[in-house]
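S.K.: Below are the structure tokens for one structure; questions will follow.
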Amino acid sequence: MRPRTEEATGGTAPVPTGWTALDEALPSGGWQAGEVVEVCSPHPGWTEIPLLWPLLRHATVCGHPVALLGLPPSSPLPSCVTADWCVSGDVHPSGARGEQNHGATILPALRTAAEWQAACDAADRWFARQGRRALLLVWALEAPAAGVRRLRRLARRTGAWVCVVRPSLARWDDLWADARLALLCPGVRGAQVQVRTDNRPLGRTLQLAWQADIALPPAPLHLGDAQPRVRVRQDPHDRRRAVVSGRLDEVCQALDRLAREEARASSEAHTS
Numbered sequence: 010m011r012p013r014t015e016e017a018t019g020g021t022a023p024v025p026t027g028w029t030a031l032d033e034a035l036p037s038g039g040w041q042a043g044e045v046v047e048v049c050s051p052h053p054g055w056t057e058i059p060l061l062w063p064l065l066r067h068a069t070v071c072g073h074p075v076a077l078l079g080l081p082p083s084s085p086l087p088s089c090v091t092a093d094w095c096v097s098g099d100v101h102p103s104g105a106r107g108e109q110n111h112g113a114t115i116l117p118a119l120r121t122a123a124e125w126q127a128a129c130d131a132a133d134r135w136f137a138r139q140g141r142r143a144l145l146l147v148w149a150l151e152a153p154a155a156g157v158r159r160l161r162r163l164a165r166r167t168g169a170w171v172c173v174v175r176p177s178l179a180r181w182d183d184l185w186a187d188a189r190l191a192l193l194c195p196g197v198r199g200a201q202v203q204v205r206t207d208n209r210p211l212g213r214t215l216q217l218a219w220q221a222d223i224a225l226p227p228a229p230l231h232l233g234d235a236q237p238r239v240r241v242r243q244d245p246h247d248r249r250r251a252v253v254s255g256r257l258d259e260v261c262q263a264l265d266r267l268a269r270e271e272a273r274a275s276s277e278a279h280t281s
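The opening position of the sequence shown corresponds to residue 10 in our numbering, with each subsequent residue numbered one higher.
Here you go:
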């Protein structure tokens, strides 16, 4: 008996990621249809585009339907990428913004279980309309395990490529996808990418140079209200470590406030 993933994909070879080292680090040797890959990005909707560009190009050139769910505004998608279905953010090829095709419901950045339920229902209907392999890109601030597992079932049943883009803090969460790629220190020329395929705290880290056929402009300081404010996430594997995420000025203000509170508490302890 063949695995369900092989049945859905028809035994097709994975799509090369564009980097030999990344192909070797992924269990399937590339972007495998029927699997879900999480991408953790410091600026979701911006810095992960060069990483996903070879897969987007493959889907566009081969005529596979592409769906963009929860795409943040002003994301620098290449102009040749056409979305069969897009909700929220920039839409191609018309350049309009908002709802496009099939009467899709406008969905905000996914946070709650109810929003994930609605998003998965919409994705299920969209997959049902496709008579061929499709690519689904999802941007989410939070990804409950049940939502990701449902996407995995959809991917395996339809043989689709599914990528879920989340903020960088998610790289310390439990791994529910088939693989997780965390972008570290991304720039206009390349980035370090940490690859995890199990729930161990660390994965293999690679240095990737972006391909020359996509130009990524510098990321803006503020990407809109959809981005989370200052957040603190403790490393579940080492309670002594934590990561603070947010805009630079907001993070500095939060650290200054914590320093003042610590100094005040220390002074009160000495006086007592």
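C-beta: ideal position from N, C-alpha, C; glycine also.
What residue from H279, F136, L190 has the CA that sits closest to A34's CA?
M.R.: Closest by C-alpha distance to A34, out of H279, F136, L190, is L190.
S.K.: Would you check if the distance between the CB atom of A122 and the CB atom of A155 is smaller than 9 Å?
M.R.: Yes, these two residues count as a Cβ contact at 9 Å.
S.K.: Please go through the same chain and pick out, in chain order, the residues whose beta-carbon is closer than 8 Å to the beta-carbon of D133, but skip the five residues on each side of it.
M.R.: Only L163 meet the Cβ criterion.
S.K.: Using only CA atoms, which one of V202, W55, N208, D222 lies nearest to T284?
M.R.: Summary: the structure shown does not reach residue 284, with the chain confined to residues 10 through 281, and so no result is reported for it.
S.K.: If I'm right that G39 touches D32 with Cβ under 8 Å, what's the distance once you round it to whole angstroms?
M.R.: About 5 Å; that satisfies the 8 Å criterion.
S.K.: Taking the alpha carbon of R205 as the point to measure from, which residue in P23, V48, Q41 has its own alpha carbon closest?
M.R.: V48
S.K.: Could you tell me which residues DSSP puts in a beta bridge with V204?
M.R.: L190, R213
S.K.: Is E108 helix, strand or coil when you go by DSSP?
M.R.: Confidence in E108 is poor, its pLDDT being 37 and thus under 50, which makes the residue's placement unreliable; the coordinate value appears in the next sentence. Three-state DSSP puts E108 in coil, outside helix and strand.
S.K.: As a quick exercise: from C129, Q41, L86, D187, pick the residue whose alpha carbon is nearest that of P59.
M.R.: L86
S.K.: Determine the extent of the beta strand (DSSP E) in which V46 is found, giving its start and end residues.
M.R.: For V46, the enclosing beta strand (DSSP E) covers residues 45–50.
S.K.: Go ahead and label T56 buried or exposed: buried means 16 or more other beta carbons lie within 10 angstroms of its beta carbon, across all protein chains shown.
M.R.: buried
S.K.: Please go through the stretch 123–153 and give each complete beta strand (DSSP E) segment of 3 or more residues, from N-terminal end onward.
M.R.: 144–148, all fully within the stretch 123–153.
S.K.: Would you mind sorting L78 into buried or exposed? The rule is 16 or more other CB atoms within 10 Å of its CB.
M.R.: buried
S.K.: My output table needs one value for L264: the three-state DSSP class, helix, strand or coil.
M.R.: L264 carries a helical assignment under DSSP once its states are collapsed to helix, strand and coil.
S.K.: Any idea what DSSP makes of A22, helix, strand or coil?
M.R.: In the structure shown, A22 falls within a coil segment according to DSSP collapsed to helix, strand and coil.
S.K.: Flag this pair as touching only if the stretch 125–140 and the stretch 20–30 have three or more C-beta atom pairs under 8 Å; answer yes or no.
M.R.: no
S.K.: Tell me which residue opens and which closes the alpha helix (DSSP H) that W170 is part of.
M.R.: W170 -> not in any alpha helix (DSSP H); beta strand (DSSP E) instead, spanning 170–176.
S.K.: Within the continuous beta strand (DSSP E) that includes L78, where are the two ends?
M.R.: 75–78
S.K.: Output the distance between the C-alpha atoms of G72 and P51, rounded to the nearest integer angstrom.
M.R.: 30 Å
S.K.: Going by beta-carbon coordinates alone, are L144 and P74 separated by less than 9 Å?
M.R.: Yes, Cβ-Cβ distance for L144 and P74 is below 9 Å.
S.K.: Taking A34 as part of the alpha helix (DSSP H), name the residues at either end of that continuous run.
M.R.: Looking at the DSSP string, the run of the alpha helix (DSSP H) that includes A34 is 29–34.
S.K.: Where does the unbroken alpha helix (DSSP H) through T69 begin, and where does it stop?
M.R.: 58–70
S.K.: Pull up the distance between the alpha-carbon of E277 and that of Q262, whole angstroms please.
M.R.: Rounded to whole angstroms, E277 to Q262 spans 23 Å at the Cα level.
S.K.: Taking 9 Å as the cut-off, decide whether the C-beta atoms of W148 and L119 are in contact.
M.R.: yes
S.K.: Tell me the rounded alpha-carbon separation between P63 and E124.
M.R.: 29 Å
S.K.: Kindly indicate which three-state DSSP category E270 falls into: helix, strand or coil?
M.R.: helix
S.K.: Give me the Cα-Cα distance between L178 and L267, rounded to the nearest whole angstrom.
M.R.: 20 Å
S.K.: Measure how close the beta-carbons of C172 and V46 come, nearest whole angstrom, since I'm counting them as under 8 Å.
M.R.: 5 Å
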